[in-house]
Amino acid sequence: MRRQKRKSQTQKGFTLVELLISSAILMITIVGILVSYLRCLELAEIAKNKTTAMNAVKSRMEQIKNTDFANVMANYNSVTFTTPGLNGMGVSYVTTTIINPDVLEVTISFSWKQTNTHLIGEDTNLNGVVNGGEDKNGNGILDSPVQLVSSIYNV
147 MRRQKRKSQT QKGFTLVELL ISSAILMITI VGILVSYLRC LELAEIAKNK TTAMNAVKSR
207 MEQIKNTDFA NVMANYNSVT FTTPGLNGMG VSYVTTTIIN PDVLEVTISF SWKQTNTHLI
267 GEDTNLNGVV NGGEDKNGNG ILDSPVQLVS SIYNV
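147 is the number of the first residue of the sequence shown in our numbering; add one for each residue after it.
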């Protein structure tokens with residue numbers, strides 16, 4: 147009689163528990179990547195809109211600088227403006243100093259809404275006027291991350 151050795155049967159493959167755990171890990175990873183991708187798209191839109199707003203503010207500042215000194219206060223103090231391609235409103239403020247009336251301080255800011263209705267700046271209703279509850283720091287103007295301040299001298 148011959149004895150035959152039985153080959154041990156090895157199981158190949160994954161158990162159901164292992165598949166469920168690996169699927170859960172994969173889903174968490176995919177969701178994390180998707181959330182990161184969507185956040186990157188949002189940040190890219192903010193950067194694009196910030197550049198557009200900054201260009202509009204710089205353009206307004208150049209207009210003010212090219213205006214006769216005597217007309218700057220009358221033509222640009224608390225005056226609003228818009229820019230194409232951006233749902234927002236800019237506003238310029240012109241103030242004088244008591245020390246030297248030949249110096250005007252010009253502040254220009256721009257507030258806008260992103261496509262996800264996230265507001266950038268203090269002007270919540272985008273009308274260019276300080277309404278109740280909009281001026282968070284109490285300085286009397288609508289502040290924004292896109293804001294330029296410059297002094298203009300009468301020469």
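Backbone N, C-alpha and C fix where the C-beta goes; we use that ideal spot for every residue, glycine too. Keep in mind the model is a prediction, meaning the values are calculated, not measured.
Where does residue i sit, in a helix, a strand or coil, going by DSSP?
i    : result
G178 : helix
E251 : strand
F160 : coil
L272 : coil
V301 : coil
S169 : helix
L189 : helix
S290 : coil
I210 : helix
If distances are taken between C-alpha atoms only, which option among the options comes closest to residue i?
i    : options                   : result
I254 : V177, N300, L165 and G267 : G267
K194 : M219, S238 and K259       : K259
T226 : G274, T241 and N233       : G274
T197 : G286, N300, S257 and E280 : S257
S238 : S224, T261, T156 and N283 : S224
G231 : N201, T213 and K211       : N201
Kindly indicate the opening and closing residues of the beta strand (DSSP E) around residue i.
i    : result
V237 : G234 to T242
T226 : V225 to F227
Could you spell out where the alpha helix (DSSP H) holding residue i opens and where it closes?
i    : result
N221 : F215 to Y222
> Is the stretch 192–208 close to the stretch 283–294, with three or more CB pairs under 8 angstroms?
Replying inline: Touching, per the Cβ criterion.
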